[in-house]
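Let me begin by presenting the structure, written as structure tokens, before commenting on it.
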Amino acid sequence: MPIATVNPANGETLRTFEELGAEEIERRLAAAASAFRDYRTTDLSERARLLNRAADLLEEDQESIARTMTTEMGKPLAAARAEAAKCVKAMRWYAAHAAELLADEHPPQTEVADSGAALARVRYRPLGVVLAVMPWNFPLWQVVRFAAPALMAGNTGLLKHASNVPQTALYLGDLFRRAGFPEGCFQTLLVGSRAVEGILRDPRVAAATLTGSEPAGRSVAAIAGDEVKKTVLELGGSDPFVVMPSADLERAVRTAVTARVQNNGQSCIAAKRFIVHADVHDAFVERFTARMAGLTVGDPMADTTDVGPLASEQGRADLEELVDDAVRRGATALCGGQRPKDLPQGWFYEPTVLTGITPDMRIHREEAFGPVATVYRVGDVDEAVELANDTPFGLSSNVWTADVAEQERFARDIEAGGVFFNGMTASHPALPFGGVKRSGYGRELSGHGIKEFCNVTTVWHGAEPAQGA
Ligand code: NAP
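Position one of the sequence shown corresponds to residue 1 (the UniProt record's numbering), numbered consecutively onward.
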């Protein structure tokens with residue numbers, strides 16, 4: 001894939017970029033490793049000062065970087081502004097909390113005495129250079145939620161961003177440099193996916209994190225496994241959105257629409273499968289379809305737009321294939337199911353609601369990465385749980401019920417990294433984020449996220465350490 005900015009709203013190529021050559025990659029790997037040697041010992045207060053400075057700069061740049069994101073991948077401008085603001089918040093959160101999250105842990109002496117220790121503690125030390133392979137759908141957020149904790153923990157970072165968001169990628173490298181992070185601490189590598197293997201196998205790279213599709217994750221994890229290097233994988237999702245009879249139906253419907261079409265439907269944690277109890281099924285479907293059909297599809301720069309274009313022509317073709325396959329096998333499109341006729345340029349697709357889904361349809365198992373919802377009818381909690389889990393993915397889930405016993409049942413039995421009741425899945429710096437099954441492993445955000453790229457070190461003393469001895 002060429003490294004280029006192509007406006008998905010009209011298909012126009014705005015800028016193309018040369019991939020870095022072998023020599024330049026080598027220079028940056030050396031810089032990352034060299035930076036780590038000193039940066040790993042910097043005070044957390046100094047790291048926090050730098051990260052807060054980066055947050056201030058990003059806040060100042062909010063409008064321009066939001067426009068760059070919208071131009072490169074088509075998300076509505078308001079959503080791009082919100083994404084930049086969320087990054088500022090996460091940077092400040094890690095700057096404020098890293099010292100407490102990474103503080104030494106002291107197991108009770110009564111517990112460790114049995115090991116012969118006079119004293120023992122757990123210390124969180126950085127791992128080294130971490131390679132981040134990132135997707136285009138939240139081009140700032142995905143990177144910041146890796147970079148902020150990784151840098152606070154004392155690691156250095158190399159960013160291989162998606163090839164369709166090069167300007168956002170370059171902005172990020174520049175942001176951390178302008179904030180004052182030492183040379184080599186965080187660098188953007190404009191390279192294609194073929195270059196990833198060589199970088200990951202380089203002995204100076206300690207670990208990798210990948211957010212993206214399952215095939216990309218599998219490939220990076222296989223290489224990292226071969227090299228015995230730590231990985232975190234944040235992959236696809238096909239999150240259920242369960243509606244039970246006790247739900248506040250109007251709120252559930254409104255949230256369902258947002259949860260499905262946020263980011264033009266291209267979010268890993270978007271609700272994709274709507275599993276509705278028979279008692280409220282018809283009312284839900286009627287209201288949900290009316291709202292989905294009433295969304296404004298169009299220019300992502302316009303304030304009035306709800307749904308912009310898909311990020312790439314291939315992405316739209318993949319989505320069309322899923323919908324066409326379902327309809328061919330007997331599904332019904334209650335709305336949408338095609339390209340909007342009034343938008344012949346750009347990679348737009350109408351918000352779509354599909355019913356009559358059966359297990360033989362690809363969309364039952366695969367992730368629909370665009371504004372397409374599938375709706376299922378279930379008779380009881382057991383059926384709802386079973387269907388919610390009938391997917392290769394396990395990222396998050398949304399359940400609408402006021403019944404406490406039902407809530408406990410879903411919280412216990414849904415196979416996913418999150419169970420959100422009476423609301424919509426969203427990431428937050430203080431809450432762990434990640435999945436199970438084919439959605440990946442490891443966690444981002446919160447204390448769990450910052451510790452992923454730490455060497456959890458046992459420091460053991462056979463005798464009380466004496467000052468100055
Ligand atoms: P993608 O094609 O997998 O690309 C993601 C990144 O991986 C890009 O930088 C891409 O580089 C690189 N890449 C692709 N194939 C690779 C390979 N074989 N080896 C090494 N690197 C490779 O995914 P996408 O289409 O950009 O993103 C959509 C997917 O990401 C969806 O499945 C979505 O659910 C998932 N996602 C998950 C999360 C989460 O937190 N779980 C968040 C956001 C998105 P190029 O661009 O150069 O190909």
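Backbone N, C-alpha and C fix where the C-beta goes; we use that ideal spot for every residue, glycine too. As the structure is a prediction and not an experimental result, all values here were calculated from the model.
Residue i: beta carbon under 6 angstroms from a heavy atom of the ligand NAP?
i           : result
W136        : yes
S219        : yes
A162        : yes
G236        : yes
T211        : yes
M1          : yes
A216        : yes
G298        : no
G449        : no
residue 472 : This structure cannot speak to residue 472, because the chain is shown only from 1 to 469.
C87         : no
V133        : yes
C268        : yes
S64         : no
S193        : yes
V232        : no
V143        : no
V196        : yes
Among the options, which has the Cα closest to the Cα of residue i?
i           : options                   : result
residue 507 : I223, T211, F288 and I363 : Since the displayed the chain opens at 1 and closes at 469, residue 507 lies outside it and no answer follows.
E183        : R28, A9 and H97           : R28
Q167        : V257, L140 and A54        : L140
F181        : S45, Q338 and G74         : S45
C268        : F410, D282 and G417       : G417
L36         : P8, G379 and A153         : It is worth fixing the name first, because residue 36 is Phe in this sequence and not Leu. Closest by alpha carbon: A153.
E100        : P465, I450, V459 and E60  : I450
V285        : A30, A252 and H97         : A252
P429        : H448, V297 and A259       : H448
E18         : E350, A33, T5 and N10     : T5
G294        : C335, A317 and M301       : C335
L159        : F186, V88 and V456        : F186
A54         : V165, K75, K89 and R443   : K89
P135        : M69, S64, E386 and A31    : M69
T457        : S34, A195, P107 and A290  : P107
A278        : L322, R316 and V375       : V375
T355        : L343, F369 and A373       : A373
Can you tell me the Cα-Cα spacing of residue i and residue j, whole angstroms?
i    : j    : result
P340 : T352 : 11 angstroms
S396 : L431 : 13 angstroms
G225 : R438 : 17 angstroms
F421 : V243 : 10 angstroms
K230 : T41  : 21 angstroms
R81  : A66  : 5 angstroms
E214 : G236 : 6 angstroms
T305 : E227 : 46 angstroms
E26  : A169 : 19 angstroms
A132 : H281 : 42 angstroms
V404 : D248 : 14 angstroms
S427 : E464 : 43 angstroms
D299 : S312 : 15 angstroms
A113 : D61  : 54 angstroms
E367 : A98  : 35 angstroms
L57  : A78  : 19 angstroms
L190 : R254 : 40 angstroms
A31  : E24  : 10 angstroms
N455 : D390 : 36 angstroms
E320 : G337 : 8 angstroms
Do residue i and residue j have their C-beta atoms within less than 7 angstroms of each other?
i    : j    : result
I414 : A388 : yes
A95  : N52  : yes
V130 : G157 : yes
A271 : N398 : yes
Y124 : L151 : no
I275 : P245 : no
V232 : E452 : yes
V307 : N264 : yes
V381 : R409 : yes
A208 : V220 : yes
V122 : E105 : yes
N10  : Q345 : yes
M91  : A33  : no
Tell me whether residue i, by its Cβ, gets closer than 6 angstroms to a heavy atom of the ligand ATP.
i  : result
V6 : Absence of the ligand ATP from the depicted structure is noted, with the ligand NAP being the only ligands included.
Segments assigned beta strand (DSSP E), at least 3 residues, entirely inside the region 82-128: 119-126
Residue ranges of each alpha helix (DSSP H) within the region 370-443, 4 or longer: 381-388 and 404-413
Runs of alpha helix (DSSP H) wholly within the region 284-364 (minimum 4 residues, chain order): 313-328
Ordered list of alpha helix (DSSP H) runs contained in the region 15-43, each at least 4 residues: 22-39
Ranges of the alpha helix (DSSP H) found wholly within the region 126-171, counting only runs of at least 4: 141-152
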